[in-house]
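Enquirer: Residue numbering for the sequence shown follows our numbering, beginning at 2 and increasing consecutively.
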Amino acid sequence: MFEEAKRKYLLEHGHARFCPKVALIDMDGVLFDSMPNHAKSWLKVLSDNGIVIEEKEAYMHEGRTGRGTIEILYRRFFHREPTDEEVQDLYYRKATLFDSLPEAKVMNGAKEALDAIRDFGMNRILVTGSGQKLLLGRIEKFFPGHFTTERMVTAFDVKQGKPFPEPYLKGLEKGNAQPFEAIVIENAPLGVQAAKAAGVFTVAVNTGPLDDQVLYDAGCDVLLHSMGELATSLPLIATPFSLKNDE
Ligand code: MG
Numbered sequence: 002m003f004e005e006a007k008r009k010y011l012l013e014h015g016h017a018r019f020c021p022k023v024a025l026i027d028m029d030g031v032l033f034d035s036m037p038n039h040a041k042s043w044l045k046v047l048s049d050n051g052i053v054i055e056e057k058e059a060y061m062h063e064g065r066t067g068r069g070t071i072e073i074l075y076r077r078f079f080h081r082e083p084t085d086e087e088v089q090d091l092y093y094r095k096a097t098l099f100d101s102l103p104e105a106k107v108m109n110g111a112k113e114a115l116d117a118i119r120d121f122g123m124n125r126i127l128v129t130g131s132g133q134k135l136l137l138g139r140i141e142k143f144f145p146g147h148f149t150t151e152r153m154v155t156a157f158d159v160k161q162g163k164p165f166p167e168p169y170l171k172g173l174e175k176g177n178a179q180p181f182e183a184i185v186i187e188n189a190p191l192g193v194q195a196a197k198a199a200g201v202f203t204v205a206v207n208t209g210p211l212d213d214q215v216l217y218d219a220g221c222d223v224l225l226h227s228m229g230e231l232a233t234s235l236p237l238i239a240t241p242f243s244l245k246n247d248e
C-alpha cells in the first residue's frame, strides 16, 4: 500500500531505487510527547512580552530555532528585529519554564517503532533542533542502545536549523547514507520541509493538533497518526522498491 508513495518519490527525485538502511528520527512530538510543554512555555513567556498567539501557531513553529521564532514574532507584533538581549532573555525564560514542567512522557508506540526499525536492520539517527539538555540526556535512559552520541544531530551541530535541509543532510552523513537509502520520521511541518529539501523519503506522524493537510502541504510522502502505527507499518514502508522491478 506504500508502493505508490515510493514510486512517486523516485520519479520526483530521479532515483532508480529506494532501499532504506537508515532512519533519521526527530525527537519532540515523535519520541517524547513534549510538544504540549513546549507550546505552553512559548505561549506563557510570549504573552508576558505582549505577544499573544494561538496554541496551534506554536506547533507551526516547531523545529525552528528559538531565535528564528522570536524574530518572526517581533517583526509581526512590533515591526522590528528583537535585540540579542531580548532573544536571549525570552529563550532563557522559555527553556527554564519548560524544564520546570512535569517531564514529558515517552510517546506511545515510540519504543516499539524504534525496535521495529532496528529489527528491520536499519540504523537509527536522532535529528533534532532541540538544544534542551534535559531531553537529550533522557534519550539513552528511555531508548537504551538506540542512539549513541555519534548518532545524534542536535541544535549544537547545525548552523541553519529546520526548515533548512542541513540537519537531515548531517544525519545522512552520520548514517553514511544517500538520500534514497534513508527515511525520515517527523511530526512537524517545518521538519517535513527540511527532510524533503534534503531529498529523503519522509514519513509524517501527526501526533499533534494540526490538520493532516498541513503536513501534506509541507511535502510528506506518507502520513501516519501514531508511533504505534509506524511500528506496525515499518516493514511495509522500508521494503526496498525499484522502478525497474515495477516495469
Ligand atoms: Mg518534532
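Note that beta-carbon positions come from the ideal geometry of N, C-alpha and C, so glycine has one too.
1) In chain order, what residues place their C-beta within less than 5 Å of a heavy atom belonging to the ligand MG?
2) Which residues mark the beginning and the end of the alpha helix (DSSP H) in which Ala96 is found?
3) So, under 8 Å CB-CB, Pro236 and Ala199 are touching, yes? Tell me the CB distance rounded to an integer number of Å.
4) Name the DSSP bridge partner or partners of Phe19?
5) Considering just the uninterrupted stretch of the alpha helix (DSSP H) at Glu13, what are its terminal residues?
6) Give the DSSP bridge partners of Thr203, in chain order.
7) Going straight from the alpha carbon of Glu187 to that of Val31, what length do you get?
8) If you check the beta carbons only, do Ile238 and Phe3 fall under 8 Å apart?
9) Given Arg81, which residues of its chain have a CB within under 8 Å of its CB, disregarding the five upstream and five downstream residues?
10) So the candidates are Glu86, Ile26 and Glu63; which of them puts its Cα closest to the Cα of Pro37?
11) Of the choices Ala111, Lys45, Tyr217 and Pro241, whose alpha-carbon is the least far from that of Gly192?
12) Excluding the five sequence neighbours on either side, which residues of its own chain have a C-beta within less than 7 Å of the C-beta of Ser243, listed in chain order?
13) Are three or more beta carbon pairs between the segment 108–116 and the segment 7–17 nearer than 8 Å?
14) DSSP has Leu127 in a bridge; who is on the other side?
15) Count the other CB atoms, across all protein chains shown, that sit within 10 Å of the CB of Asp213; report buried if there are 16 or more and exposed otherwise.
16) Quick check on Arg65: buried or exposed, where buried means 16 or more other Cβ atoms within 10 Å of its Cβ?
17) Can you check which of these residues, Ala24, Arg68 and Ile140, is closest to Tyr93 by C-alpha distance?
18) Round the Cβ separation of Arg152 and Ile126 to the nearest angstrom and send it over; I've been treating them as touching at under 8 Å.
19) Can you give me the start and stop residues for the beta strand (DSSP E) that Val223 sits inside?
Expert: The relevant details are as follows:
1) Here the list is Asp27, Asp29, Gly30, Asn188 and Ala189.
2) On the sequence shown, position 95 is the one that residue 96 refers to. Counted as a single uninterrupted DSSP element, the alpha helix (DSSP H) harbouring Ala96 occupies residues Asp85 to Ser101.
3) Here residue 236 is taken as the residue at index 235 of the sequence shown, counted from 1. Here residue 199 is taken as the residue at index 198 of the sequence shown, counted from 1. The beta carbons of Pro236 and Ala199 sit about 24 Å from each other, so the pair does not count as a contact at 8 Å.
4) Position 18 of the sequence shown, counted from the first residue, corresponds to residue 19. DSSP lists Phe242 as partners of Phe19.
5) Here the question's residue 13 lines up with position 12 in the sequence shown. If you look at Glu13, you'll find it in the alpha helix (DSSP H) that goes Glu4 to His14.
6) By 1-based counting over the sequence shown, the position of residue 203 is 202. According to DSSP, residue pairing for Thr203 in a beta bridge involves Val185.
7) As a working mapping, residue 187 is identified with position 186 in the sequence shown. As a working mapping, residue 31 is identified with position 30 in the sequence shown. Each residue's Cα considered, the two are about 7 Å apart.
8) Here the question's residue 238 lines up with position 237 in the sequence shown. Here the question's residue 3 lines up with position 2 in the sequence shown. Yes, Cβ-Cβ distance for Ile238 and Phe3 is below 8 Å.
9) Working through the sequence shown from its first residue, we reach residue 81 at position 80. Only Tyr75 meet the Cβ criterion.
10) Within the sequence shown, numbered from 1, the residue matching residue 37 stands at position 36. Nearest to Pro37 by C-alpha distance, out of Glu86, Ile26 and Glu63, is Glu63.
11) Sequence index remark: in the sequence shown, residue 192 carries index 191 (1-based). Closest option to Gly192, judged by alpha-carbon separation, among Ala111, Lys45, Tyr217 and Pro241: Tyr217.
12) Your numbering for residue 243 matches position 242 in the sequence shown. Closer than 7 Å at Cβ, skipping near neighbours: Ala17 and Arg18.
13) Verdict: no, contact absent.
14) Locating residue 127 in the sequence shown gives position 126, counting from the first residue. Answer is Ile26 and Met153, bridged to Leu127.
15) Residue mapping note: residue 213 aligns to position 212 of the sequence shown, counting from 1. By the 10 Å Cβ count, Asp213 comes out exposed.
16) Counting from 1 along the sequence shown, the entry for residue 65 is found at position 64. Its Cβ being crowded by 16 or more others within 10 Å, Arg65 is buried.
17) Position 92 of the sequence shown, counted from the start, is the residue given in the question as residue 93. The option with the nearest alpha carbon to Tyr93 is Arg68.
18) Position 151 of the sequence shown holds residue 152. Position 125 of the sequence shown holds residue 126. That belief holds up - the Cβ atoms of Arg152 and Ile126 are roughly 5 Å apart, short of 8 Å.
19) To locate residue 223, count along the sequence shown from 1; it is residue 222. Per DSSP, the unbroken beta strand (DSSP E) holding Val223 starts and ends at Val223 to Leu225.
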